[in-house]
Each structure stands twice: as C-alpha cells, then as structure tokens.
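Written out below as structure tokens is the structure these notes cover.
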Amino acid sequence: MAVFLLRRLGHGILVLWLITLAVFGLFFVAPSNVAQTLAGRQATPETIALIKHRLGLDLPIWKQYLHFVENAVQGNLGYDYYHQVAVTTIIGQALPVTVSLALGASVLWLLLGVFNGVISAVHPRSLADRGLTLFALFFYSFPSFLLGLLLLYFLYFRLTLAGYTWFPAGGYSPFSQGPVTWLQHMVLPWLALALLLAATYTRLTRGSMLDVLGEDYIRTARSKGIRERRVIVRHGLRSALTPVVTQFGIDLGQLVGGVVVTETVFSLPGLGKTAVTAINQQDLPVIIGIVLFASAAVVVANILVDVVYAVLDPRVRLH
Amino acid sequence: MALLEVRDLRVSFDTPDGIVRAVRGLSFSVEPGRTLAVVGESGSGKSVATQTITGLTRGATITGSAYFEGTDLITADAATLRRLRGAEIAMIFQDPLSSLHPHYRIGWQIVEMIQAHDRQISKQAARRRAADLLTLVGIPRAAERLDDYPHQFSGGMRQRVMIAMAMALDPALLIADEPTTALDVTVQAQVLTVMRRLQEEFGTAIILITHDLGVVAEMADEVIVMYAGAAMEKAPRRDIFYRNHHPYTQGLLASLPAQNSLRLTPIPGTPPSLISLAEGCPFAARCPHVFDRCRVETPPLADVQGDPRHQSACWLNHDVTEAVAS
Chain A
953 MAVFLLRRLG HGILVLWLIT LAVFGLFFVA PSNVAQTLAG RQATPETIAL IKHRLGLDLP
1013 IWKQYLHFVE NAVQGNLGYD YYHQVAVTTI IGQALPVTVS LALGASVLWL LLGVFNGVIS
1073 AVHPRSLADR GLTLFALFFY SFPSFLLGLL LLYFLYFRLT LAGYTWFPAG GYSPFSQGPV
1133 TWLQHMVLPW LALALLLAAT YTRLTRGSML DVLGEDYIRT ARSKGIRERR VIVRHGLRSA
1193 LTPVVTQFGI DLGQLVGGVV VTETVFSLPG LGKTAVTAIN QQDLPVIIGI VLFASAAVVV
1253 ANILVDVVYA VLDPRVRLH
Chain B
-19 MALLEVRDLR VSFDTPDGIV RAVRGLSFSV EPGRTLAVVG ESGSGKSVAT QTITGLTRGA
41 TITGSAYFEG TDLITADAAT LRRLRGAEIA MIFQDPLSSL HPHYRIGWQI VEMIQAHDRQ
101 ISKQAARRRA ADLLTLVGIP RAAERLDDYP HQFSGGMRQR VMIAMAMALD PALLIADEPT
161 TALDVTVQAQ VLTVMRRLQE EFGTAIILIT HDLGVVAEMA DEVIVMYAGA AMEKAPRRDI
221 FYRNHHPYTQ GLLASLPAQN SLRLTPIPGT PPSLISLAEG CPFAARCPHV FDRCRVETPP
281 LADVQGDPRH QSACWLNHDV TEAVAS
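Residue numbers (my numbering), protein chains in the order written: chain A, 953 to 1271; chain B, -19 to 306.
So, in structure tokens, the structure goes:
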C-alpha cells in the first residue's frame, strides 16, 4: 500500500513537471507584450526594458524556468504581473468558490444520477426507465452555457420580475457571510452543472446495475429470503457503484481545477474564471499556477480512486 | 403426506422470437427427508421448474400448483414466498464463486440469512451459529474463516460455505441446482458426502438437479428424467439404472463413459425448439424405436407394468397404450 502510494506520487510529480515545461514552452512561443501593456501607450523603450527586467522577462527562457522551478519547490508560485499578488494567494481566494461549486453540484448529480439509474435498471424498458433516459439525454445534449443562461432567465430574471428574488444574477457570497446567501448564490450554478453531469451517471449506474442484477449472487440473495429493497441496495448497488466511483473521482478532480463555462456564466470568481482572465492578460505566473494546481487535483483524484476501489472491492490489491 | 406436491406445472416466457414453453405439465412430489433427482440436458426445464416454485422466475406465465406444507407456492404472494425462501426452502447453485457476493465476508453473508428470518437473534449468536455451520460442513478454523472473502476459499470450500448457509435455518427442503458441476471431480464426492451427512442430521428433503448420472447413483431416492420441459420417466433410483423403460433414459445411460468401452454412444440429434413444439413425443426425432404414432400423438406418463412408482411417457409402454385406449 505504502509502496503503491509512493510510486503513484512519483508518477504524479513527473506529470506535473512535464506540464510546467509544456505551459512555459507554449507561452514563449506565442508573441508576448506584457511589458508594453503594463508600461502604457506612451512608454519609452527604456521604461519597457526596465519593466521587462523587473519581471525577469529579459532573462533567457531556461533561466526564467529554473527560477520558477526553484521557487515552486519552496511553495512559491511567483507573483502576477499586474498587481504583484502572490499566485498562491490568488488560488487561495478562488479555490473556495470552485470547491463550493464542485462539491455541491457533485452531491446533486450523484443523488440524481444514481437514484435515476437504479430506478431505470430495476424496471428496464418501463415507462419510468424511458422517461428518465429522455430526461437525462435532454440535459446531456445541452451546451452547458445555454443551460446556465436558461436557468438564469427563468429562475432569476422571470422569477425576480414576478416579485420573487430567490436567486441572484450571479456572483459569489462566502459561506462565512451567511449560509443562506451562500446557498442562494450557489443553487443555480449547481443545477447547471449537475443536470448536465447527472446524465452520465444515470446511464453509467443503469448499465452497471443491469449487469449486476443478472449476477448469480443476486439470485442467491433472493433465495435467502431477504427483502427485495435490500437485495437491490446492499447486494446490487454495492457492486454497481464501483465504476460510478471511478468516474466520480475523475470528474471531481477535473472540476476542482476550474469550471470555466459555469463560472463565467454565473460570474463566480473561481479558478476557471481566474484562469480565463489570466489568459486574456497573458499573466504567465497565474496561468502556470492554476494549470499546475488543476493537474495536481486530477493526479490526486486518480490516486484516491484507486485507493477507494481497493476498499470497495476486497479482491483488488494495490501493488 | 408429501412435503412438496407439484401438479401440472407449466412455465412459459414471452420472447421476441415467440413463446418459449420451458416447462410443459410437470408433476412430482417430494417426501420429507428424501432425495429427488431431476435429470436432463441443458434447457430441459429442470432449473426453471424449481426456480419457479420458489418465486425466482421473473416475467413468466405460470400455471399449475405446487403445495408446500399446505401453501400453494404458485399463488402465494411475494411476502409469503420470501419468508419461505431460505427458512423452509433453501437453495444452492452451480457455481459457488459467482453465487457468493464477492464484496462481503462469508460470515456476514451467513449472518444476513439468519437475521433475515430470525429478527430476535443477536449478531453474536448468529455469528456463533455461522461458525458452527462451517465446522459442520468441514471447514477448518471456522471461527477465523468467517472474516474471509469468497475469493479466499477454494471451489469445494466455497460450495461447502453455500451448503452451510443453506442449512443455517434447518430448512425442510433443499434445492441443489447442479451443486457439483463446477467442481473438480475429486472434490465432487466430498461435497456430496457433506450434503448427505447434513441431510441425515437435519432430516432435510433434497431436490437435486443434475445432468450427471453418477451423482444420481450416489444420492437419489427417486429420479425424474426430463426432456423438453416434460417428464419422460419417473422411477426409484434402482429402476432408472436397471429396469429403465424410456428410450431417452436409455440413451442417457448409454452415453455414459463405461469402463470396458473406449467409445461413447451419444444420442444423435439435438433437443427440439421449445418455441415451436409440434404434437407428438418430443423425443421422436432422436428416438431409435420411433414409429408412426410417436409423431402425431403425445404419449402421457403412465405406470410401467402396473407399478405406480415407475412411470414412463412412451408409446412402447403397454400401460400407456391401455390408459389412452380406456
């Protein structure tokens, strides 16, 4: 187990290192005019050169890279070009927003997806099955920004016009400033994300559950005279959840790295939106910081999935 | 009085290809403490018939009756059947690896069965009972092995676990569906011995589904030979081997490997489709003694030479001809 974790962590660090190389390389291939932008239109070449020097942009790329790695190993991801704020601070501010979004939405889509999937699998080809499949595919085939805009239109705009100001137009209110306001700000983004992802989980649970319900041990469970509900949940769902857990870990890992479209539509200052802003401003330290953090989230999620897998299925041994 | 009395059981499935008549008018009875072997090829309806009377067949059209200790299992509601399953009618299946849940410890699985029917019993008491049962079926260090998962047992040991679980609540009837088919030959005899020992100890009646005539010779009191969803011959074990009547039974016996012969004698042809079964004897197309009547009229099951314990559904049976004529 310990050997397994160490090896996987080693792999993860290797992946992260390759990613820093790729991002650095890409950034310097593209034409950059950060110093020009900062200096303003009437700046003299001397001013621009001075700014370049201050930001370290006049050094050769490999020196800049070594400088970055040296700092990163010490937990310093640099400072953004425009306000000289530490990148770790920027990530620290955006992370709670993204985590609120990802965790809340994941609870919703898991509940929706697994529940619908089980119902569909227990009554295959029934009216409920067909209805839930239709429901799932309907939202699945929506572009995510459109779903967000529709939710805003109906549940914010029309509802507010009708005199019910239940949901704000967007933005974020920290949990520490009142859970109710926080909830009001999060419900629509959660829905936008969860309805989209629930479809995958409905189909995944349904398929996996149908397979499991055909297994011999389900027949054994029924032959033991235990209640059907227990057969479905304790014997059936228990096995059917394994692929769902795998998918969930991967999805959650990706979401924690930033949900670009949903955060943009609902003006949530999370990692996704911060990354988009940084890209528009060619703010390299912020871009690298967020990409690195997002990759780390995926790497950690994958390791966790493997560990959970071994806990769920005693036949799986980690080595 | 018989423990289980099945009368004219018919089970059919509506499939996209047509209606599959899996069981076509099967009648039999099981006496307390006795062993009835149901023999036949794959698809002869032996598993469907037994799973139907325990309410485990889904999406089927079922007629007939199956009285178990005064309750008709065919018309009983789901809750009644559930209370009987496990407690009064226990089952073991062919593949003990896939029949045990891979994610739960075997102790948990046995305790679950006990607690499903005995709500008073404490978990500790149920675990003690589970350990006793494992000892009873010959699993060493039973108390420790309760915490093992099914994949940590060998095939024969897993089937012993299944037997222990099935016997946990001292059922009146044990349905064993091909219990030794998936096991090594050397292990088969051990598992059969365990079953027979427990049967003597608990007085359990057994319905033994098998296609292995060696197992029949070892275990059975009475035998039903099934073909295409119906009984071809019913007889006490000795009669099946030494005074058999039906050509299908004879074909089955002839296809056994014999010590003084190097060749196997298979039954030519394949079983008929259960979707489009024509009138006449279902075995007619493969029968070496077939004559005109076999192809137009289905022979009923009737006594052989006036012996009510030995019946054969064949036009060569004089009693059949007489019964139909009168």
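Positions of the beta carbon are idealized from the N, C-alpha and C atoms, including for glycine.
Give a yes or no on whether the minimum CB-CB distance between residue i and chain B is below 8 Å.
i	result
residue 1258 of chain A	no
residue 1266 of chain A	yes
residue 1191 of chain A	yes
residue 922 of chain A	As shown, chain A starts at 953 and ends at 1271. That puts residue 922 of chain A outside it, with no answer to give.
residue 1078 of chain A	no
residue 1167 of chain A	yes
residue 1174 of chain A	yes
residue 1178 of chain A	yes
residue 1171 of chain A	yes
May I ask which residues mark the beginning and end of the beta strand (DSSP E) holding residue i?
i	result
residue 161 of chain B	Careful: residue 161 of chain B lies outside any beta strand (DSSP E) and carries neither H nor E.
residue 13 of chain B	First-last for residue 13 of chain B: undefined, no H or E at that position.
residue 68 of chain B	From DSSP, residue 68 of chain B is part of no beta strand (DSSP E); its letter is neither H nor E.
residue 185 of chain B	185 to 190
Looking at the strands, I want to know which residues DSSP matches up with residue i.
i	result
residue 1093 of chain A	DSSP lists no partner for residue 1093 of chain A.
residue 291 of chain B	B:214 and B:283
residue 47 of chain B	B:-15 and B:52
residue -7 of chain B	B:0 and B:40
residue 203 of chain B	B:17 and B:215
residue 247 of chain B	Answer is none; residue 247 of chain B lacks a bridge partner.
residue 1031 of chain A	A:1038
residue 155 of chain B	B:71 and B:187
residue 1107 of chain A	In the DSSP output, where bridge partners are listed per residue, residue 1107 of chain A has none listed.
residue 6 of chain B	B:-11
Starting from residue i and walking both ways along the alpha helix (DSSP H), at which residues does that stretch end?
i	result
residue 1196 of chain A	1190 to 1208
residue 997 of chain A	997 to 1007
residue 1141 of chain A	1131 to 1165
residue 274 of chain B	272 to 276
residue 1254 of chain A	1236 to 1264
residue 1216 of chain A	1212 to 1217
residue 930 of chain A	Because chain A here runs from 953 to 1271, residue 930 of chain A falls outside it and cannot be looked at.
residue 966 of chain A	954 to 981
residue 305 of chain B	298 to 305
residue 1126 of chain A	Where residue 1126 of chain A is concerned, there is no enclosing alpha helix (DSSP H), given that its DSSP letter is neither H nor E.
residue 227 of chain B	227 to 234
residue 927 of chain A	This structure does not reach residue 927 of chain A, given that chain A is present from 953 up to 1271, and the question cannot be answered.
residue 260 of chain B	Looking at the DSSP string, residue 260 of chain B is not in any alpha helix (DSSP H), and its letter there is neither H nor E.
residue 122 of chain B	122 to 125
Would you say residue i faces chain A, with C-beta separation under 8 Å as the test?
i	result
residue 49 of chain B	no
residue 135 of chain B	no
residue -3 of chain B	no
residue 73 of chain B	yes
residue 96 of chain B	yes
residue 222 of chain B	no
residue 67 of chain B	yes
residue 92 of chain B	yes
residue 82 of chain B	yes
residue 266 of chain B	no
residue 140 of chain B	no
Below 8 Å on the Cβ atoms is my contact criterion, and I expect residue i with residue j to pass it. Report the Cβ-Cβ distance as a whole number of Å.
i	j	result
residue 189 of chain B	residue 26 of chain B	5 Å
residue 1062 of chain A	residue 1200 of chain A	7 Å
residue 87 of chain B	residue 116 of chain B	No, residue 87 of chain B and residue 116 of chain B are not in contact; Cβ-Cβ is about 15 Å, not under 8 Å.
residue -16 of chain B	residue 73 of chain B	The Cβ separation is near 19 Å, so there is no contact.
residue 80 of chain B	residue 187 of chain B	At roughly 21 Å, the Cβ-Cβ gap does not stay under 8 Å, so residue 80 of chain B and residue 187 of chain B are not in contact.
residue 118 of chain B	residue 174 of chain B	6 Å
residue 309 of chain B	residue 252 of chain B	Residue 309 of chain B cannot be examined here, being either before or after the span of chain B that is shown, -19 to 306.
For the ligand SAH, I want to know if residue i counts as a neighbour, meaning its beta carbon is within less than 7 Å of at least one of the ligand's heavy atoms.
i	result
residue 1160 of chain A	This structure lacks the ligand SAH; in fact it carries no ligand of any kind.
*Are there three or more Cβ pairs, one per stretch, closer than 8 Å when the segment 31 to 40 of chain B is compared with the segment 4 to 21 of chain B?*
no
*When the Cβ atoms of the segment 1155 to 1168 of chain A are set against those of the segment 1040 to 1058 of chain A, are three or more pairs found closer than 8 Å?*
no
_the segment 82 to 93 of chain B touching the segment 105 to 120 of chain B, judged by at least three CB pairs closer than 8 Å_ = yes
*Quick check: the segment 211 to 229 of chain B against the segment 279 to 296 of chain B, are there 3 or more CB pairs under 8 Å?*
yes
*Three or more beta-carbon pairs under 8 Å between the segment 1248 to 1261 of chain A and the segment 1202 to 1221 of chain A, yes or no?*
yes
*At a cut of 8 Å, does the segment 1186 to 1193 of chain A reach the segment 1094 to 1106 of chain A through at least three beta carbon pairs?*
Taking a cut-off of 8 Å on C-beta distances, the segment 1186 to 1193 of chain A does not touch the segment 1094 to 1106 of chain A, as fewer than three cross pairs fall below it.
*Would you call the segment 1233 to 1247 of chain A and the segment 1028 to 1039 of chain A touching, i.e. three or more CB-CB distances under 8 Å?*
When Cβ pairs closer than 8 Å are counted between the two stretches, the segment 1233 to 1247 of chain A is seen to touch the segment 1028 to 1039 of chain A, the count reaching three or more.
*Should the segment 1070 to 1087 of chain A be called in touch with the segment 1215 to 1227 of chain A, which here means at least 3 C-beta pairs below 8 Å?*
no
*the segment 169 to 180 of chain B / the segment -6 to 4 of chain B touching (three or more Cβ pairs under 8 Å)*: no
*Could you say if the segment 1052 to 1059 of chain A and the segment 1135 to 1151 of chain A meet the contact criterion of at least three C-beta pairs nearer than 8 Å?*
yes
*Does the segment 1015 to 1028 of chain A come close enough to the segment 1101 to 1117 of chain A that 3 or more CB-CB pairs lie under 8 Å?*
no
*Does the segment 252 to 262 of chain B come close enough to the segment 202 to 216 of chain B that 3 or more CB-CB pairs lie under 8 Å?*
Counting Cβ pairs under 8 Å, three or more are found: they touch.
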